[in-house]
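Structure record follows, encoded as structure tokens.
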Amino acid sequence: MEQPEILVDVGELRSGIPKGLEDRGLKVVVRDLALGDYLVSDRVCVERKTTRDFASSIKTKRLFDQAVRLKEKYERPLLLIEGYDLYHTRGVHPGGIKGALVMIAVSIGLPIIFSRDIDDTTDLLATMAKQERAAKREISFYPKRKARSPSQEIERVVESFPGIGPVLSRQLLLHYNRLEDILSASTQELTRVPKIGKKKAGMIRDILQRDYRAGNHSTKGKQKRRRIVKRT
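Going by numbering that gives the first Met the number 0, the sequence shown wraps up at 231, each residue one higher than the last.
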């Protein structure tokens, strides 16, 4: 069988995991990955967080953005949390840790796996790479888009509204059920949805009532003027 390959983000070199993967018979290719830390195949991408990294990411909210982007781009993305002391990390209440885990696994739908230490993480990654290679999955920087169900397509439309992400999209759809009902709801009616305040409701109504042709006309005018300047 051909040697399994794994792409590793350059930021992971200091961890010692890439060397451990090579020792386990994997071909390690180091890249500056835009998303995730380990690209195992065209469908599996792993974001590795130590318990300290995880707590820090909760404070900055960066973690949730990463989780959403991983879920959108890859068919089988994973969050790997490494370490023993997850609920004893300084600066974050255990309740906040649990809330973040539920948000990621349930609301966003990103699977989470845990490892004891660097050796355990290395073993898990090596096992993933070998199984994906056995299934004839290749590494690709351009993964195939996941097939979406009709419900997911509707969620995607609502997520595109200003200030609305995956969580609020589901809140709106659970409340109204149909996209048509969301579009026809008034600002006051939208505020009845949990976590949709006056500001977000106003932003939704504003984008729905905006005049496309007026905005498009002004843009074309600017483009025309720029072309005239170039000719002179």
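Every residue gets a Cβ at the ideal spot worked out from N, C-alpha and C, and that includes glycine.
Keep in mind that this is a model prediction, so the values were computed, not measured.
- Task: Below 8 Å on the Cβ atoms is my guess for TYR73 versus ARG42; work out the distance and round it to an integer in Å.
- Result: Along the sequence shown, one-based indexing puts residue 73 at 74. Along the sequence shown, one-based indexing puts residue 42 at 43. Correct: roughly 6 Å between the Cβ atoms.
- Assumed close pair LEU25, ALA125 - CB separation to whole angstroms, cut-off 8 Å: As a first step, residue 25 is located in the sequence shown; it is residue number 26 there, counting from the start. As a first step, residue 125 is located in the sequence shown; it is residue number 126 there, counting from the start. Correct: roughly 6 Å between the Cβ atoms.
- Query: If we cut at 8 Å on Cβ distances, does THR50 have a partner in chain C?
  - Reply: Any reference to chain C falls outside this structure, which holds one protein chain only.
- Message: Need the endpoints of the beta strand (DSSP E) that SER106 sits in, please.
- Response: Position 107 of the sequence shown holds residue 106. Neither: SER106 is in no beta strand (DSSP E) and is coded neither H nor E.
- Query: What do you reckon, are the CB atoms on VAL67 and GLY162 nearer than 8 Å?
  - Reply: By 1-based counting over the sequence shown, the position of residue 67 is 68. By 1-based counting over the sequence shown, the position of residue 162 is 163. Going by C-beta atoms, VAL67 is not nearer than 8 Å to GLY162.
- Task: Within 10 angstroms of the Cβ of ILE206, are there 16 or more other Cβ atoms? Answer buried if so, exposed if not.
- Result: The sequence position of residue 206 within the sequence shown is 207, counting from 1. ILE206 should be labelled exposed.
- Message: Please tell me whether TYR83 and ARG115 are closer than 8 Å, where the distance is taken between their beta carbons.
- Response: Stepping through the sequence shown from its first residue, residue 83 is reached at position 84. Stepping through the sequence shown from its first residue, residue 115 is reached at position 116. Taking 8 Å as the Cβ cut-off, TYR83 and ARG115 qualify as a contacting pair.
- Message: Given this structure, state the Cα-to-Cα distance separating LEU32 from GLY10, to the nearest angstrom.
- Response: The residue labelled residue 32 in the question sits at position 33 within the sequence shown. The residue labelled residue 10 in the question sits at position 11 within the sequence shown. Answer to the nearest angstrom: the Cα atoms are 9 Å apart.
- Message: Could you give the first and the last residue of the continuous beta strand (DSSP E) run that contains ASP8?
- Response: Indexing the sequence shown from 1 puts residue 8 at position 9. Residues 4-8.
- Query: Residues in its own chain within less than 7 Å of GLN65 by CB, not counting five upstream and five downstream?
  - Reply: Taking the first residue of the sequence shown as 1, we reach residue 65 at position 66. Here the set comprises GLU46.
- Going straight from the alpha carbon of LEU171 to that of ALA134, what length do you get? Here residue 171 refers to the residue found at position 172 when the sequence shown is read from its first residue. Here residue 134 refers to the residue found at position 135 when the sequence shown is read from its first residue. If I take the Cα positions, the gap works out to 39 Å.
- Between LEU167 and PRO110, what straight-line distance do the alpha-carbon atoms span, to the nearest angstrom? For the purposes of this step, residue 167 is taken as the residue at position 168 of the sequence shown. For the purposes of this step, residue 110 is taken as the residue at position 111 of the sequence shown. Answer to the nearest angstrom: the Cα atoms are 20 Å apart.
- Query: With C-beta atoms as the reference, is ALA128 less than 8 Å away from VAL192?
  - Reply: Taking the first residue of the sequence shown as 1, we reach residue 128 at position 129. Taking the first residue of the sequence shown as 1, we reach residue 192 at position 193. No, Cβ-Cβ distance for ALA128 and VAL192 is not below 8 Å.
- Based on Cα-Cα distance, which residue from HIS174, ASP52, GLN2 lies nearest to VAL28? Indexing the sequence shown from 1 puts residue 28 at position 29. The option with the nearest alpha carbon to VAL28 is GLN2.
- DSSP three-state assignment for ILE112, whether helix, strand or coil: Residue numbering aside, residue 112 sits at position 113 when the sequence shown is read from its first letter. For ILE112, the secondary structure class from DSSP, reduced to helix, strand or coil, is strand.
- Query: Whole-angstrom Cβ separation of ILE16 and PHE53, contact assumed at under 8 Å?
  - Reply: Here residue 16 refers to the residue found at position 17 of the sequence shown. Here residue 53 refers to the residue found at position 54 of the sequence shown. That pair is no contact at about 17 Å.
- Task: Measure how close the beta-carbons of ILE112 and LEU123 come, nearest whole angstrom, since I'm counting them as under 8 Å.
- Result: Taking the sequence shown and counting its residues from 1, one reaches residue 112 at position 113. Taking the sequence shown and counting its residues from 1, one reaches residue 123 at position 124. Right, the Cβ-Cβ distance comes to about 7 Å (below 8 Å), so this counts as a contact.
- Enumerate in chain order the residues of its own chain whose CB-to-CB distance from ARG132 is below 6 Å, with the five nearest sequence positions on each side excluded. Mapped onto the sequence shown, residue 132 falls at position 133. The answer, listed in chain order, is PRO3.
- Straight-line Cα distance separating THR186 from ARG13: The residue you call residue 13 lines up with position 14 of the sequence shown. The residue you call residue 186 lines up with position 187 of the sequence shown. Going by the C-alpha atoms only, they are around 51 Å apart.
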